[in-house]
Each structure stands twice: as C-alpha cells, then as structure tokens.
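Numbering (my numbering), first residue to last: 1006 to 1241. C-beta: ideal position from N, C-alpha, C; glycine also.
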Amino acid sequence: MANVPEHLAIILDGNGRWAKKKGLPRNAGHVAGARVLEDMCEVVWDKGIKYFTVYAFSTENWNRPSDEVAALMKLLRDYMKNSVKRAMKNNLRVRVIGDKSGLDEDLQDSIRTLEEATELNTGLNFTIALNYGGRDEIVRAVRKLASEKDIDFMRGLTDKDLSCALDTAGMPDPDLLIRTCAEERISNFLLWQLAYSEFYFADVAWPDFNEAELDKALESYASRTRRFGGLVKGEE
Ligand code: FPP
1006 MANVPEHLAI ILDGNGRWAK KKGLPRNAGH VAGARVLEDM CEVVWDKGIK
1056 YFTVYAFSTE NWNRPSDEVA ALMKLLRDYM KNSVKRAMKN NLRVRVIGDK
1106 SGLDEDLQDS IRTLEEATEL NTGLNFTIAL NYGGRDEIVR AVRKLASEKD
1156 IDFMRGLTDK DLSCALDTAG MPDPDLLIRT CAEERISNFL LWQLAYSEFY
1206 FADVAWPDFN EAELDKALES YASRTRRFGG LVKGEE
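Put into structure tokens, the structure is as follows:
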C-alpha cells in the first residue's frame, strides 16, 4: 500500500465493554486485548509501519478498582517477563514511556531487562505507554531541563529542546492515531506528539481489532492530504 504511516499510535479502548458483552469479567477483556496486541505487532510490521506506540496504562488508570489495577499490572508484568524470546525472534525494539518511577521495583527491573535485551534490534519500534500521561510527560521534561540547564537555556527554550527531553526523544511523531470502540477523545495520550497527526476512530472494541480493521484505517490515512498547517502544491 502506498503512503503508509511511519509511526502508528493506538488508544486500546473497549476491553471492559467487550468482556461485559460476553458476560465475562473485565479482566478477561484485558487478557484478550494483550493477545491481540502481540499479534498486531507482527501485522503492522508487515504493512511497512516502523513505529508502533500503544496506551496500556494511564496516570489516571490508578483510579480504577484495585482488583482491576492489580490484574492489569499482572498482565504487564507477565508481558515484560515472558515476551523477551518473542521480541528477539521478531526483531522488536521494545520501549516503555511514562513515569516508570511510579511502578513497583520488580516491574521496573523487568522493563529494564526487556528494553536492554531488545535495544539493538532493527525491526519494529514497539513502545508501550505505562503510567503515562501527556501532561505528566511534559511537566517531567520541563523539570528535568530546569534541573540540568542554566537560566539562559531555559529562557531560550525551543520546541526542539522540549521534544528532546520527552520520553519519546528520538522517535518521529505519530502520523496516525487510532482509537477503538467508537470513543473520540485523546485522553491525555501523546499531547505534544499528536500535534499534526491524523486521527481515525474504529467502531470495534480493541479485542475485536484485526488486520481488516487496520486496513480500513490505513486506507483512510492513505486518502488524506496532510498540510501541517500550510498548503499543498496546487492549493496556492
Ligand atoms: C482500555 O479499555 C484498556 C486499558 C485501560 C488497558 C489496555 C491494556 C492492554 C490491552 C493490555 C496490556 C498491554 C500489554 C503491553 C501486554 P477499558 O478497560 O477502558 O474498556 P472500557 O472503556 O470498555 O471499560
């Protein structure tokens, strides 16, 4: 397909509703969602996408019932521990963005191990947003700069300086954002990075997302003209 996004970001929404509809506990939706996500890493790479970033747990998700938070943390813990082999086989470079200092020590260790093991892989750049909030990321970046740089640097701060201090430093901004389950909100995801991204809202819940749904989003993306605030040739 022509005009494939280099960077695809997805808000994985609807796991709970998917489970409820089937008469299952909400956690069954998260388990199904995690399975779909692993398959999708292979599908997106086959489409020619180089960066794939997903919203797995937000800074606001701690407000969910404690048993759901515990179940999600277990799922993420299991993923970090058990996916090293598959990530190596598929040449994935896995990164986690978000405030890792707010996670349990053992989870931080497993994340470090997975990131280091896959650091030199040259396939899909798979990024998981965990304990992530867009506002929190910007505040952490500004605090980091303020503690490391002098006042003249801070007074002359540029767009590029801030980009380089974000968790996503070095990654291109997403070209396409997909949100599933018919919700049309950004929910504090990649606030800075989505400035000029195209948005696509899929009706299906995340556990029902598949290659055919991805193709619909990619076709929609391919048909759009991106202007980045300017004009394209012929519109002058
Ligand atoms: C939104 O559905 C989904 C989440 C808050 C969690 C997403 C996490 C995963 C799919 C799995 C973990 C990821 C990895 C890397 C293994 P919701 O619960 O808000 O659904 P609802 O809106 O229907 O209630």
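Please name the residue in the options whose C-alpha comes closest to that of residue i.
i: residue 1080; options: 1170, 1092 and 1040; result: 1040
i: residue 1154; options: 1166, 1125 and 1144; result: 1166
i: residue 1015; options: 1022, 1042, 1029 and 1009; result: 1042
i: residue 1101; options: 1049, 1201 and 1121; result: 1121
i: residue 1045; options: 1065, 1130 and 1125; result: 1130
i: residue 1142; options: 1174, 1096 and 1126; result: 1174
i: residue 1070; options: 1161, 1021 and 1127; result: 1021
i: residue 1105; options: 1086, 1145 and 1188; result: 1145
i: residue 1012; options: 1188, 1231, 1178 and 1203; result: 1178
i: residue 1062; options: 1047, 1082 and 1158; result: 1082
i: residue 1203; options: 1111, 1229, 1017 and 1216; result: 1229
i: residue 1049; options: 1095, 1232, 1160 and 1110; result: 1095
i: residue 1038; options: 1064, 1065 and 1084; result: 1084
i: residue 1231; options: 1067, 1201 and 1065; result: 1201
In chain order, what residues of the same chain have a beta carbon less than 7 Å from the beta carbon of residue i, not counting five sequence neighbours either side?
i: residue 1225; result: 1205
i: residue 1019; result: 1185, 1186, 1210 and 1211
i: residue 1218; result: 1207 and 1209
i: residue 1009; result: 1052, 1053, 1054 and 1223
i: residue 1191; result: 1199
i: residue 1024; result: 1030, 1031, 1033 and 1034
Tell me which residues share the same chain as residue i and place their Cβ nearer than 6 Å to its Cβ, disregarding the 5 neighbours each side in the sequence.
i: residue 1103; result: 1134, 1135, 1136 and 1137
i: residue 1169; result: none
i: residue 1092; result: 1099 and 1123
i: residue 1058; result: 1014 and 1132
i: residue 1086; result: 1115
Could you check how far apart the C-beta atoms of residue i and residue j are, in whole angstroms? I think they sit under 8 Å.
i: residue 1199; j: residue 1182; result: 6 Å
i: residue 1222; j: residue 1007; result: With a Cβ gap of about 15 Å, residue 1222 and residue 1007 do not count as contacting.
i: residue 1139; j: residue 1193; result: 5 Å
i: residue 1108; j: residue 1126; result: Incorrect: roughly 23 Å between the Cβ atoms, too far for contact.
Once the 5 residues before and after residue i are set aside, which same chain residues still bring their CB inside 8 Å of it?
i: residue 1088; result: 1043, 1099 and 1119
i: residue 1171; result: 1142, 1143, 1146, 1197 and 1198
Taking only runs of the beta strand (DSSP E) that begin and end inside the stretch 1044 to 1114, which ones reach a length of at least 3 residues, in chain order?
-> Secondary structure in the stretch 1044 to 1114: the beta strand (DSSP E) runs of 3 residues or longer, each lying completely within the stretch, are 1056 to 1063 and 1098 to 1102 in chain order.
Which runs of the beta strand (DSSP E), 3 residues or longer, sit entirely within the stretch 1160 to 1193?
-> Listed in chain order, the complete beta strand (DSSP E) runs (minimum 3 residues) inside the stretch 1160 to 1193 are 1181 to 1184.
Taking contact to mean at least 3 C-beta pairs separated by less than 8 Å, is the stretch 1018 to 1033 in contact with the stretch 1205 to 1216?
-> Segments in contact, yes.
With a floor of 4 residues, list each alpha helix (DSSP H) that falls wholly inside the stretch 1195 to 1234, ordered by position along the chain.
-> If we require 4 residues or more, the alpha helix (DSSP H) runs fully inside the stretch 1195 to 1234 come out as 1216 to 1227.
Is the stretch 1057 to 1076 close to the stretch 1115 to 1127, with three or more CB pairs under 8 Å?
-> Taking 8 Å as the limit for Cβ pairs, the verdict is that the stretch 1115 to 1127 does not touch the stretch 1057 to 1076.
Do the stretch 1050 to 1057 and the stretch 1227 to 1238 make contact, defined as three or more Cβ pairs closer than 8 Å?
-> No: fewer than three Cβ pairs fall under 8 Å.
Pick out the complete beta strand (DSSP E) segments inside the stretch 1123 to 1149, 3 residues or longer, and give them in chain order.
-> Runs of the beta strand (DSSP E) lying entirely within the stretch 1123 to 1149, each at least 3 residues long, are 1130 to 1137 in chain order.
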